[in-house]
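S.K.: Residue numbers (our numbering), protein chains in the order written: chain A, 16 to 477; chain B, 16 to 477. Cβ coordinates follow ideal geometry from the N, Cα and C atoms, glycine included. Given the structure is predicted, the values throughout are model-derived calculations rather than measurements.
(1) Counting pairs of Cβ atoms below 8 angstroms between the stretch 205-215 of chain B and the stretch 407-422 of chain B, do you hit three or more?
(2) Would residue 231 (chain B) pass as an interface residue toward chain A - the criterion being a Cβ-Cβ separation below 8 angstroms?
(3) Can you give the Cα-Cα distance for residue 74 (chain B) and residue 84 (chain B), rounded to whole angstroms?
(4) For residue 361 (chain A), collect the residues of the same chain with a Cβ closer than 8 angstroms to its Cβ; drop the 5 residues on either side in sequence, then sort them by chain order.
(5) Tell me whether residue 191 (chain B) sits in a helix, a strand or coil according to DSSP, three-state version.
(6) Express the C-alpha separation of residue 142 (chain A) and residue 15 (chain A) in angstroms, rounding to a whole number.
(7) Taking Cβ positions, are residue 327 (chain A) and residue 321 (chain A) nearer each other than 8 angstroms?
(8) Could you check what DSSP says for residue 415 (chain B) in three-state terms: helix, strand or coil?
(9) Let me know the alpha helix (DSSP H) ranges lying completely inside the stretch 279-310 of chain B, each 4 residues or longer, listed in chain order.
(10) If we count Cβ pairs, one from each stretch, closer than 8 angstroms, do we get three or more for the stretch 45-59 of chain A versus the stretch 20-33 of chain A?
(11) Of all the CB atoms in chain B, is at least one closer than 8 angstroms to the CB of residue 309 (chain A)?
(12) Any contact between the stretch 102-114 of chain A and the stretch 164-176 of chain A? By contact I mean 3 or more CB pairs, one from each, below 8 angstroms.
(13) Are the CB atoms of residue 412 (chain A) and residue 210 (chain A) within a distance shorter than 8 angstroms?
(14) Cβ of residue 279 (chain B) less than 8 angstroms from any chain A Cβ?
(15) Starting from the C-beta of residue 149 (chain B), find all residues in its chain whose C-beta is less than 7 angstroms away, skip the five residues before and the five after it, and write them out in chain order.
(16) For my contact list, residue 193 (chain B) and residue 121 (chain B) are in at a C-beta cut-off of 8 angstroms; report their separation, rounded to the angstrom.
(17) Between the Cα of residue 460 (chain A) and the Cα atoms of A:474, A:441, A:449 and A:349, which residue gives the shortest distance?
(18) May I ask you to report which of helix, strand or coil DSSP gives residue 355 (chain A)?
(19) Which residues in the same chain as residue 232 (chain B) place their Cβ atom closer than 6 angstroms to its Cβ, once the five residues preceding and following it in sequence are excluded?
(20) Give the C-beta separation of residue 289 (chain B) and residue 309 (chain B) to the nearest angstrom, bearing in mind that I take them to be a contact with Cβ-Cβ under 8 angstroms.
(21) Could you check whether the Cβ of residue 6 (chain B) sits closer than 8 angstroms to any Cβ belonging to chain A?
(22) Any C-beta of chain A sitting closer than 8 angstroms to the C-beta of residue 178 (chain B)?
(23) Using CA atoms only, rank isn't needed, just tell me which of A:244, A:347, A:447 and A:464 is closest to residue 376 (chain A).
(24) Going along chain A, which residues have a C-beta under 7 angstroms from residue 105 (chain B)?
(25) Could one say the Cβ of residue 297 (chain A) lies closer than 8 angstroms to chain B's Cβ atoms, at least one of them?
(26) Mind listing the chain A neighbours of residue 372 (chain B)? Cutoff is C-beta to C-beta under 7 angstroms, in chain order.
(27) Let me check understanding here. Comparing Cα to Cα, which of B:22, B:57 and B:107 lies closest to residue 330 (chain A)?
(28) Counting only the same chain and skipping the five closest in sequence on each side, list residues whose C-beta sits under 7 angstroms from that of residue 40 (chain B).
(29) My output table needs one value for residue 93 (chain B): the three-state DSSP class, helix, strand or coil.
(30) For the beta strand (DSSP E) that contains residue 45 (chain A), what are its first and last residues?
(31) Is residue 170 (chain B) helix, strand or coil by DSSP?
(32) Is the Cβ-Cβ distance between residue 389 (chain B) and residue 431 (chain B) less than 8 angstroms?
(33) Do you know offhand how far residue 478 (chain A)'s Cα is from residue 136 (chain A)'s?
(34) Tell me the start and end of each unbroken alpha helix (DSSP H) in the stretch 357-436 of chain B that is at least 4 residues and wholly inside, in chain order.
(35) In chain order, what residues of the same chain have a beta carbon less than 6 angstroms from the beta carbon of residue 71 (chain B), not counting five sequence neighbours either side?
(36) Please name the residue, chosen from A:354, A:397, A:345 and A:465, that lies closest to residue 224 (chain A) on a Cα-to-Cα basis.
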């Protein structure tokens with residue numbers, strides 16, 4: 016199978032240039048100002064699948080952005096791999112913190128990426144990792160080594176909750192029928208120690224609005240006499256955690272599955288340096304739930320974070336005003352067995368209940384998704400592990416990720432198949448942050464590894 | 016003195032049109048984007064003083080915006096009144112809540128202003144109230160009834176802390192020498208019950224910045240494991256008040272003067288309807304310090320209000336991010352005897368001390384000022400009371416205002432003279448809010464009343 020290594024080396028420049036072209040389109044799904052760019056990206060992905068060798072490709076209309084569907088069916092009796100990815104990206108702000116424009120990709124070397132990394136919004140999440148699969152297909156078609164059937168489902172709303180994807184999957188179960196779902200939208204421990212994500216956290220994302228007086232007021236004439244919605248919002252947010260950083264929403268932990276001492280010991284084996292972690296983030300101390308270490312706090316434990324807050328005068332200088340309204344965007348990361356809809360209701364009920372009579376509160380659910388766990392003994396996991404082992408020369412470690420890919424649980428429910436999360440990014444790739452990047456080594460290694468997954472999955476399926 | 020009534024009636028339209036022209040210039044001192052407009056307004060005020068009959072007018076350069084100085088000295092042996100006002104205005108945002116553009120003045124009638132009110136930013140605070148004094152001078156000059164000397168000092172930085180005014184006053188004590196300072200930058204109880212503000216609150220305005228990780232982070236990969244600066248800021252802000260809404264900053268109340276039962280009983284005589292108050296603000300309940308009623312909470316008690324807060328993703332849709340930084344603008348209203356510089360230091364020390372090790376905190380003082388109390392037995396107060404009594408037919412009530420005019424304390428210190436706060440606005444005029452307005456009745460009543468102050472002050476000074 017060294018032909019793949021050779022093929023990648025020979026086409027390296029082109030693979031990078033094709034990805035760079037894709038990254039130049041600002042497909043920010045959260046901001047309607049970019050809607051045409053999102054559509055343009057869908058068309059670019061469609062074209063790339065046709066070029067790579069799919070027999071059939073189409074843009075499937077949805078209530079939101081279109082889903083790119085492509086397939087190459089070589090023999091209905093052979094297994095079918097369904098590749099999922101997304102072509103939309105996170106907003107780029109705060110734009111001023113980018114060292115190069117987010118949609119003008121550049122390759123720079125970093126300490127962890129001596130061979131260079133592509134810097135651009137979406138480089139790793141998920142255009143780069145999605146495009147590895149397109150190029151892996153190209154290789155298998157060109158060298159006539161595709162061992163099974165393949166389907167692609169690339170969506171454009173992952174960063175805003177995949178609302179249309181759920182709608183689409185429910186209506187196209189036959190079209191999407193498959194034996195395993197393959198996704199590269201996660202990371203691995205390091206370039207020398209690959210890992211496969213076996214657990215994901217769920218998500219509940221809400222927006223809250225606190226209204227005090229019906230208009231902005233002079234803080235001198237009214238200060239001290241009326242509820243200031245910003246002070247109240249701060250108080251309400253603060254009350255959502257207790258002194259041990261446990262979340263105080265009644266019933267929040269009821270369905271949380273505590274890991275056994277053995278499982279926690281197993282997790283603790285993953286290499287981790289608290290000093291390096293703090294150094295990388297330039298923080299003097301970590302912060303989180305009492306009784307759990309960092310790698311547990313961000314993976315097997317649920318969380319509540321304010322993702323955005325605003326209210327009152329935020330411009331230059333000073334304005335002595337009491338705002339009429341204060342707002343916050345709040346998300347909760349959930350663990351397997353917590354139901355995101357139930358948690359959203361618990362939050363809403365609790366948040367409304369703690370509001371003083373002097374203000375009015377509105378809680379608006381944004382979106383959410385369930386947590387998920389992949390069984391290590393599944394054929395899919397085994398095939399992926401062998402593939403990594405071949406290309407990295409090391410057995411991958413199964414890890415729980417703190418991130419959420421809500422639709423993984425949806426896939427299992429609607430399509431009755433397991434998902435394998437073959438991630439090739441690194442935690443340090445700054446996804447969702449300024450200066451997001453994706454290592455050239457990781458990109459090419461992904462293209463090398465994916466065909467091996469097809470090979471082993473087909474063999475193990477016999 | 017009915018000639019003044021007549022003069023005002025004859026020139027009513029022109030008085031209104033001249034004020035409207037002044038209000039059209041967006042002299043927002045807090046936002047450097049409007050700096051040329053602020054300068055233009057200074058020049059317009061200068062021209063209006065020359066036209067009204069000052070013998071000498073100049074724009075005095077300062078480290079910031081110029082101060083308009085004007086004077087008419089008829090006899091050095093006669094008393095001198097120094098009129099203070101400001102030509103800058105608050106920012107207009109939130110712009111979308113204005114029913115007419117903030118810098119396109121329109122006259123509309125309201126329940127409290129059946130004769131109509133001028134709607135525009137600065138209509139009441141302070142262009143309208145300042146311009147009453149210019150027109151009162153015009154009347155006295157035209158009718159040769161100016162009984163004493165007059166000086167004008169109109170500044171352009173009141174809404175951002177009057178930094179240059181302090182600088183200017185310290186350097187021009189002789190030029191500004193006077194027997195009483197007259198300011199119309201406050202309100203009165205109602206159009207049938209005038210009042211004179213005898214007490215003002217001081218102010219300490221700070222901006223805080225909480226920094227967590229050195230970059231925005233993915234809330235899934237890091238959520239729960241690092242300090243979220245927004246959650247921490249909310250927690251720190253919440254902790255600044257206890258369950259009785261007392262401020263928790265150590266030493267904050269040390270110099271607060273408790274009023275006697277008699278004084279509080281006297282204050283309670285001012286007409287006030289809690290129901291109307293709540294109705295006007297559309298709130299179900301008031302909110303404030305335990306042990307004090309609304310009219311005490313907003314006047315004789317110090318407060319701490321967040322005037323603005325921002326951090327993380329505040330755009331459309333959802334972004335699952337942990338922000339690197341969170342910010343807030345916080346102001347404290349102080350009562351006489353609290354020193355604003357000392358309070359600012361106490362806040363800074365305390366706020367830094369309550370920050371967890373996982374974040375870094377920066378407290379940046381914006382500006383401040385001392386509280387002030389006007390003696391009711393002073394000649395100035397007596398003259399003002401007689402003037403209101405003549406024009407309204409009712410004895411004015413002395414009231415404590417919750418607002419701050421920091422420079423009043425400065426004047427006493429530097430110029431050794433007392434300040435009389437002859438306000439003609441109403442609390443409902445929405446100063447600092449969208450749809451600020453100033454009653455036509457109030458505007459004209461002010462022009463009528465001011466010359467009477469000059470008359471009585473000169474007589475009582477003999």
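M.R.: Straight from the coordinates:
(1) yes
(2) Sequence index remark: in the second chain, residue 231 (chain B) carries index 216 (1-based). Answer yes: the Cβ-Cβ gap between residue 231 (chain B) and chain A drops below 8 angstroms somewhere.
(3) As a working note, residue 74 (chain B) is residue 59 in the second chain. As a working note, residue 84 (chain B) is residue 69 in the second chain. Taking the straight line joining both Cα atoms gives about 6 angstroms.
(4) Here residue 361 (chain A) is taken as the residue at index 346 of the first chain, counted from 1. Excluding sequence neighbours, residue 361 (chain A) sits near 264, 265, 266 and 267.
(5) On the second chain, position 176 is the one that residue 191 (chain B) refers to. It is coil, neither helix nor strand.
(6) The question about residue 15 (chain A) has no answer here: the residues shown for chain A are numbered 16 through 477.
(7) To locate residue 327 (chain A), count along the first chain from 1; it is residue 312. To locate residue 321 (chain A), count along the first chain from 1; it is residue 306. Result no, Cβ atoms of residue 327 (chain A) and residue 321 (chain A) do not sit closer than 8 angstroms.
(8) As a first step, residue 415 (chain B) must be located in the second chain, where it is residue number 400. DSSP places residue 415 (chain B) in strand when its eight states are reduced to three.
(9) 289-296
(10) no
(11) On the first chain, position 294 is the one that residue 309 (chain A) refers to. Closer than 8 angstroms to some Cβ of chain B, the Cβ of residue 309 (chain A) qualifies, so yes.
(12) yes
(13) In the first chain, counting from the first residue as 1, residue 210 (chain A) sits at position 195. In the first chain, counting from the first residue as 1, residue 412 (chain A) sits at position 397. The answer is yes: Cβ separation under 8 angstroms.
(14) The residue you call residue 279 (chain B) lines up with position 264 of the second chain. No, its Cβ sits nowhere closer than 8 angstroms to a Cβ of chain A.
(15) Within the second chain, residue 149 (chain B) is the residue found at index 134, counting from 1. Answer for residue 149 (chain B): 63, 64 and 67, listed in chain order.
(16) In the second chain, counting from the first residue as 1, residue 193 (chain B) sits at position 178. In the second chain, counting from the first residue as 1, residue 121 (chain B) sits at position 106. Wrong, their Cβ atoms sit about 37 angstroms apart, outside the cutoff.
(17) Taking the first chain and counting its residues from 1, the one referred to as residue 460 (chain A) is at position 445. Nearest C-alpha to residue 460 (chain A): A:441.
(18) What you label residue 355 (chain A) is simply residue 340 of the first chain in a count that begins at 1. The answer is helix: DSSP assigns residue 355 (chain A) an H, G or I state.
(19) Within the second chain, numbered from 1, the residue matching residue 232 (chain B) stands at position 217. Counting only Cβ-Cβ distances below 6 angstroms, and skipping sequence neighbours, we find 337.
(20) Working through the second chain from its first residue, we reach residue 289 (chain B) at position 274. Working through the second chain from its first residue, we reach residue 309 (chain B) at position 294. Right, the Cβ-Cβ distance comes to about 6 angstroms (below 8 angstroms), so this counts as a contact.
(21) Any property of residue 6 (chain B) remains undetermined from this structure, which presents chain B solely from 16 to 477.
(22) Translated into positions along the second chain, residue 178 (chain B) becomes position 163. Not one chain A Cβ lies under 8 angstroms of residue 178 (chain B).
(23) Residue 376 (chain A) sits at position 361 when you count from the first residue of the first chain. Among A:244, A:347, A:447 and A:464, the Cα nearest to that of residue 376 (chain A) belongs to A:244.
(24) Taking the second chain and counting its residues from 1, one reaches residue 105 (chain B) at position 90. What residue 105 (chain B) touches in chain A: 334.
(25) Translated into positions along the first chain, residue 297 (chain A) becomes position 282. Yes, its Cβ sits closer than 8 angstroms to a Cβ of chain B.
(26) Residue 372 (chain B) sits at position 357 when you count from the first residue of the second chain. Ordered by position in chain A, the residues that pass the 7 angstroms Cβ test against residue 372 (chain B) are 299 and 300.
(27) Looking up residue 330 (chain A) in the first chain gives position 315. Between residue 330 (chain A) and the set B:22, B:57 and B:107, the nearest pair of CA atoms involves B:107.
(28) As a first step, residue 40 (chain B) must be located in the second chain, where it is residue number 25. Closer than 7 angstroms at Cβ, skipping near neighbours: 52, 55, 56 and 59.
(29) Here residue 93 (chain B) refers to the residue found at position 78 when the second chain is read from its first residue. DSSP places residue 93 (chain B) in coil when its eight states are reduced to three.
(30) Stepping through the first chain from its first residue, residue 45 (chain A) is reached at position 30. Where residue 45 (chain A) is concerned, there is no enclosing beta strand (DSSP E), given that its DSSP letter is neither H nor E.
(31) Position 155 of the second chain, counting from 1, holds the residue named residue 170 (chain B). Of the three classes helix, strand and coil, the one that applies to residue 170 (chain B) here is strand, per DSSP.
(32) Residue numbering aside, residue 389 (chain B) sits at position 374 when the second chain is read from its first letter. Residue numbering aside, residue 431 (chain B) sits at position 416 when the second chain is read from its first letter. Contact: no.
(33) A query on residue 478 (chain A) cannot be resolved here, the shown segment of chain A reaching from 16 to 477 and no further.
(34) 394-407 and 422-430
(35) Within the second chain, the letter at position 56 stands for residue 71 (chain B). Once the five neighbours on either side are set aside, the close Cβ partners of residue 71 (chain B) are 86.
(36) Along the first chain, read from residue 1 onward, the residue named residue 224 (chain A) stands at position 209. When only C-alpha atoms are compared, the closest one is A:345.
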